[in-house]
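See structure below.
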Amino acid sequence: MKNIEVTIVLIALWVSGSDGVVGPREVNGRLGGSITVDCQYNRPRNRNSEKYWCKGRRRFLCTVLVDTQRTQQERNNRLFIVDNQTSGIFSITMNQLSLGDTGWYWCGITTLGNDEMTSVKLNVLEARSTELRQVYGTLGEAVTLKCQYQVPYYQDHEKYLCKGSERKLCIMIANTQKQNANISGRIIAVDNQTSGIFAVTMTELSMKDEGLYWCGITVIGYDNMIPLQLNVLEPRSSELRQVYGTLGEAVTLKCQYQVPYYQHHEKYLCKGSERKLCIMIANTQKQNANISGRIIAVDNQTSGIFAVTMTELSMKDEGLYWCGITIIGYDNMIPLQLNVLEPLKTTTLPKESQKTVNLESKSTSSFSMILVVTVLGVLIVVFLVAAVFVIRWRNQIAAGEKKLPQTEEESNSLYKDLSFRDVHGQDITYDVETSRAIFQREDFPVYIYDKHQHEQMDPV
């Protein structure tokens, strides 16, 4: 009996392995796109059997969507099945994928008894643009990363934000299990199920926060994850940095960066009105090399300055330039404006003209000297005349002050007539002027008159 049981088991395994249908375990498609699933079978046994594609979590509760009763049968203009009996593969194509198409499917072959079937997990991911979504934040400030999802399908699913260069190596940053909770003191996660936005706010941004992030939704079998790039920029003035150079000469454009973070990154300088339309001028791949014969690029990783020197400037060199740093996902680029100015014009005259100019300049200088000497002479004469006038004026004032007492004495009416009595008792009256004249001729006796004594004298 043991030998019989073993034989039955071996036969069952052989049937399941040789006559079974084989297909992919899991398939991913984009919203609005299409997928094709190939299911392989045993040709000799099931070549002419009916093949089908059904949907359901369990094989016994599977709803047939399309089958091979009619070659290239079409269902709802978006489901097709084709059986290639030569290769032993039947293929199912689904167009215009929607999120409702996500789920479990079965590749089936109709047989006597139990059908041969294999399960396939289909994940329909939200469509995304070919360009990586960019988010910008300023060093030391805050930024919000928004992850949008379709409310009817993922409203009650867990959402999360993780960071990593690959989705498999993604480190969890925030999720809806800790909704509205402040994670690590500076990260807040909020899930708005009405608008279908899972938002993560990061405060006190540092350069370490820069990198590739993933907006994730937990789905059975395969999470729906959308990448986005966070760029942390240094604060800068709103004014565009201006650099000036002279036509025909050289100018150096300096691009500064943070040494710890970008020391070993590729730096470059490009030119263009927009960052997307920027034409490469120089980069660190050709460090210290003279590009196009007149441009030299040097990266000083100690000071953190990438300098590009442009010689023999022309007006074509004028324009908007970008200091760039190569980063995975999205480069860090800072604009600057180069202005090329014309040199100051200097006029060179012929020799004859120079002689004429020299003669004219000499005659002009001689005339100027004569004019200066004449003016100085006139000023000196005026000064001397003024000095003499002042001296004479002062002398006249001094002389007038000396004569003033005599005039008062002569004009005083008190002394105009004097009366005296001589030794003989005779009265003598004479005029002061006569008395003075007699005094000067010494013909008359000298009389000394005291005003106080005169007042005390008895009246005559």
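In mature numbering (1 follows the signal peptide of the UniProt record, and there is no 0), the protein residues as written are -20 to -1, 1 to 440.
Each residue gets a CB set at the ideal place from its N, CA and C atoms; glycine is no exception.
Since we're looking at a predicted model, the values are computed, not measured.
In this structure, DSSP gives L351 a helical state, which the three-state scheme calls helix. In this structure, P315 is the residue among V358, S78, P315 with its C-alpha nearest to the C-alpha of C235.
At the C-beta level, K31 and F70 come within 8 angstroms of one another. In the structure shown, Y193 falls within a strand segment according to DSSP collapsed to helix, strand and coil.
Shown here, T98 sits in a strand according to DSSP, grouped into three states.
Take the alpha-carbon of F178 and the one of P132: they are about 14 angstroms apart. Taking C-beta atoms as the reference points, L220 and D189 fail to come closer than 8 angstroms. The region 59 to 70 and the region 112 to 120 do not touch, with fewer than 3 CB-CB distances between them shorter than 8 angstroms. Approximately 12 angstroms separates the beta-carbon atoms of T264 and I276; this is outside 8 angstroms, ruling out the contact. Across the structure, Y129 and A122 are spaced so that their CA atoms are roughly 23 angstroms apart.
For V199, there is no enclosing alpha helix (DSSP H), as DSSP marks it with neither H nor E. In the structure shown, the three-state DSSP call for L41 is helix. Counted as a single uninterrupted DSSP element, the alpha helix (DSSP H) harbouring P240 occupies residues 239 to 242.
Contact between the region 248 to 265 and the region 298 to 308 is present: 3 or more CB-CB pairs across the two stretches fall below 8 angstroms. At a Cβ-Cβ threshold of 8 angstroms, G83 and M97 do not count as neighbours. DSSP, read as helix, strand or coil, puts I61 in strand.
The straight-line gap separating the alpha-carbon atoms of G191 and S145 is approximately 8 angstroms.
Around the beta carbon of M182, 16 or more other beta carbons lie within 10 angstroms, which makes this residue buried. Shown here for E229: same chain residues with a beta carbon closer than 7 angstroms to its own, the five before and five after excluded, namely L293 in chain order. Contact check for V239 against V231 fails: the beta carbons are separated by 8 angstroms or more. Restricting attention to E138, L185, N319, Y193, the CA atom closest to the CA of L213 is found in L185.
Rounded to whole angstroms, the separation of the alpha carbons of I261 and L321 is 21 angstroms. In the DSSP assignment, W373 is bridged to no other residue.
Secondary structure of T232 (DSSP, three-state): strand. Minimum Cα-Cα distance from Y237 among the listed residues N280, I206, G273, G225 corresponds to N280. In this chain, P315 is not harboured by any alpha helix (DSSP H); it is covered by the beta strand (DSSP E) spanning 312 to 321. Spanning the alpha carbons of R37 and S99 requires a straight line of approximately 9 angstroms. Boundaries of the alpha helix (DSSP H) around N26: 23 to 26.
With a contact defined as Cβ atoms closer than 8 angstroms, L208 and V104 miss out at about 20 angstroms. Looking only at L92, Q243, D95, the smallest Cα-Cα distance to S283 is reached by Q243. A distance below 7 angstroms between beta-carbons, with the five flanking residues on each side excluded, links R39 to the following residues of its chain, in chain order: W86, M97.
According to the DSSP secondary-structure assignment, T118 is paired through a beta bridge with L213.
With a 10 Å radius around the Cβ and a threshold of 16 neighbouring Cβ atoms, M349 comes out exposed. Here DSSP, grouped into helix, strand and coil, assigns T66 to coil.
Annotation for V17: the continuous beta strand (DSSP E) segment containing it runs 15 to 20.
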